[in-house]
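Numbering (the UniProt record's numbering), first residue to last: 1 to 337.
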């Protein structure tokens, strides 16, 4: 793979002398490197930063010269970071996170609450989490909030890359370096279209579903993991199923009578409640929890800590109230024995 030979020329020292902080020209060079890494190329980075391509290339070259190692290499038309580039990229993100925290702290000294907040949210929580965070956004309108939705795999990747301040999961990561705190009950319910023959039954057992096809989220989905885990505790499994990587797609598949589905109760709004029926199956709802999650090594900004406290206080109360409303108005009633 071709690299810039300027860094291996015997007439030049491999590593420039002097402290690195004094050799790097500006924060802007680090910002440019981050844009190149995140967009995958010089052209896209230039467009994002509203700079010319030659300017981006020149700043990347200056940064590489100050470090003494090539930061990227070209394989055909594809640009990839070298190991040195990956290291600089990772530390650049930490540097900018630190400056963001400094800015927030200075704003706090001035009696202001300004800054940025990013929350990664699994797609099964995308229906209720905006309602959960709405009061917080209205209370602190100067905070620039980003909600990053994705499937469990994508949100886990974002967490590994330390891209966000907080995360909302149903089934949380199990690694020891992760802190997960319950934010309320996550009831998983079994739904069918109103026209389904089982919809008229007042009580069902798992055996009654033996010939049914189930519609599941993709492998690795938090809802699927929680479903399989809870069913295993009851001695059940989902043998006949199809996969759909979208909660909304699953609901439409149910309406199209493709099969039955197990979904979070809080993902069903009043409109959905009219379109589908929750089957009164013995052992249901399956119960898990929603969680606020963060890396244990995460250094919280003032705003991130404020939001975490809000989610685990007022936010949890809102989840509890929504759950109680569902239990009172929509939970299938099994006959007492």
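Ideal placement from N, C-alpha and C gives every residue a C-beta, glycine not left out.
Worksheet item: What did DSSP end up calling residue 80 once you bin it into helix, strand or coil?
Response: On the chain shown, position 80 is the one that residue 80 refers to. Correct three-state label for residue 80: strand.
Worksheet entry | For residue 240, three-class secondary structure by DSSP | Indexing the chain shown from 1 puts residue 240 at position 240. Residue 240: coil per DSSP, three-state reduction.
Discussion item. Could you give the first and the last residue of the continuous beta strand (DSSP E) run that contains residue 341?
Written reply: Shown here, the chain extends from 1 to 337; a query on residue 341 therefore has no answer.
Fill in: Contact check, residue 145 vs residue 117, beta carbons under 7 Å
As a position in the chain shown, residue 145 is number 145, starting the count at 1. As a position in the chain shown, residue 117 is number 117, starting the count at 1. For residue 145 and residue 117, yes; Cβs fall inside 7 Å.
Worksheet item: What residue from 211, 135 and 180 has the CA that sits closest to residue 317's CA?
Response: Position 317 of the chain shown holds residue 317. The shortest C-alpha separation from residue 317 is found at 135.
Fill in: Cut-off 6 Å between Cβ atoms - residues of its own chain near residue 4, not counting five sequence neighbours on either side
Here residue 4 corresponds to residue number 4 of the chain shown, with the count starting at 1. Because residue 4 carries a pLDDT of 45, less than 50, the predicted location of this residue cannot be relied on, and the following value inherits that uncertainty. Cβ within range, chain order: 70.
Worksheet item: Cβ of residue 189 within 7 Å of Cβ of residue 285?
Response: On the chain shown, residue 189 is found 189 positions in, with the first residue counted as 1. On the chain shown, residue 285 is found 285 positions in, with the first residue counted as 1. Yes, the pair counts as a contact, with Cβ atoms nearer than the cut-off.
Worksheet item: Three-state secondary structure (DSSP) at residue 261?
Response: Residue mapping note: residue 261 aligns to position 261 of the chain shown, counting from 1. It is a strand residue.
Discussion item. Going by the DSSP bridge assignment, what does residue 146 pair with across the sheet?
Written reply: Taking the chain shown and counting its residues from 1, one reaches residue 146 at position 146. Beta-bridge pairing links residue 146 to 118.
Worksheet item: If you follow the alpha helix (DSSP H) that residue 136 is part of, which residue opens it and which one closes it?
Response: Here residue 136 refers to the residue found at position 136 when the chain shown is read from its first residue. First-last of the alpha helix (DSSP H) with residue 136: 129-139.
Worksheet item: Hey, how far is the Cα of residue 28 from the Cα of residue 99?
Response: Taking the first residue of the chain shown as 1, we reach residue 28 at position 28. Taking the first residue of the chain shown as 1, we reach residue 99 at position 99. If you take the alpha carbons of residue 28 and residue 99, they lie about 13 Å apart.
Discussion item. On the DSSP letters alone, give me the boundaries of the alpha helix (DSSP H) that residue 61 sits inside.
Written reply: Here residue 61 is taken as the residue at index 61 of the chain shown, counted from 1. Segment 53-67, the alpha helix (DSSP H) holding residue 61.
Item to complete: Tell me residue 187's beta-bridge partners as DSSP assigns them.
Response: By one-based count along the chain shown, residue 187 stands at place 187. Partner(s): 287.
Worksheet entry | Straight-line gap, residue 160 to residue 201 (C-alpha atoms, nearest Å) | Within the chain shown, residue 160 is the residue found at index 160, counting from 1. Within the chain shown, residue 201 is the residue found at index 201, counting from 1. If you take the alpha carbons of residue 160 and residue 201, they lie about 46 Å apart.
Practice prompt. Pick helix, strand or coil for residue 198, following the three-state DSSP scheme.
Written response: Locating residue 198 in the chain shown gives position 198, where the first residue counts as 1. The answer is helix: DSSP assigns residue 198 an H, G or I state.
Practice prompt. Would you tell me roughly how many angstroms separate the C-alpha atoms of residue 192 and residue 230, rounded to the nearest one?
Written response: If you number the chain shown from 1, residue 192 lands on position 192. If you number the chain shown from 1, residue 230 lands on position 230. Residue 192 and residue 230: Cα-Cα distance of roughly 20 Å.
Discussion item. Does residue 88 pass the burial test, meaning 16 or more other C-beta atoms within 10 Å, or should it be called exposed?
Written reply: The sequence position of residue 88 within the chain shown is 88, counting from 1. By the 10 Å Cβ count, residue 88 comes out buried.
Item to complete: Output the distance between the C-alpha atoms of residue 235 and residue 242, rounded to the nearest integer angstrom.
Response: The count along the chain shown starts at 1 and reaches residue 235 at position 235. The count along the chain shown starts at 1 and reaches residue 242 at position 242. In a straight line, the C-alpha of residue 235 is about 21 Å away from that of residue 242.
Discussion item. For residue 312 and residue 181, which I take to be in contact (beta-carbon distance under 8 Å), what is that distance rounded to the nearest angstrom?
Written reply: Taking the first residue of the chain shown as 1, we reach residue 312 at position 312. Taking the first residue of the chain shown as 1, we reach residue 181 at position 181. Right, their Cβ atoms sit about 6 Å apart.
Practice prompt. Closer than 6 Å by C-beta to residue 30: which residues in its own chain qualify, once you throw out the five before and the five after it? Chain order, please.
Written response: As a working mapping, residue 30 is identified with position 30 in the chain shown. Around residue 30: 92.
Worksheet item: What's the call for residue 267, buried or exposed, on a 16-neighbour Cβ count within 10 Å?
Response: By 1-based counting over the chain shown, the position of residue 267 is 267. When all chains shown are included, residue 267 counts as buried.
Worksheet item: From residue 303 to residue 197, what distance separates their C-alpha atoms?
Response: The residue labelled residue 303 in the question sits at position 303 within the chain shown. The residue labelled residue 197 in the question sits at position 197 within the chain shown. The alpha-carbon atoms of residue 303 and residue 197 are separated by roughly 51 Å.
Fill in: Straight-line Cα distance separating residue 47 from residue 173
Residue 173 sits at position 173 when you count from the first residue of the chain shown. Residue 47 sits at position 47 when you count from the first residue of the chain shown. For residue 173 and residue 47, the distance between alpha carbons rounds to 36 Å.
Worksheet item: Which stretch, first to last residue, makes up the alpha helix (DSSP H) that contains residue 27?
Response: Working through the chain shown from its first residue, we reach residue 27 at position 27. That run of the alpha helix (DSSP H) goes 27-39.
Worksheet item: Helix, strand or coil for residue 317 per DSSP?
Response: Walking along the chain shown from the start, residue 317 turns up at place 317. DSSP places residue 317 in helix when its eight states are reduced to three.
Discussion item. Rounding to the nearest angstrom, what Cα-Cα distance links residue 12 and residue 60 in this structure?
Written reply: Translated into the one-based positions of the chain shown, residue 12 becomes position 12. Translated into the one-based positions of the chain shown, residue 60 becomes position 60. Interpretation of residue 12 is limited by its pLDDT of 48, a score under 50 that renders its predicted location unreliable; no figure is taken from the coordinates.
Practice prompt. Return the Cβ separation of residue 97 and residue 290 in integer angstroms, given the expectation that the two are a contact with Cβ distance under 8 Å.
Written response: Working through the chain shown from its first residue, we reach residue 97 at position 97. Working through the chain shown from its first residue, we reach residue 290 at position 290. The pair is not a contact, with the Cβ atoms about 26 Å apart (cut-off 8 Å).
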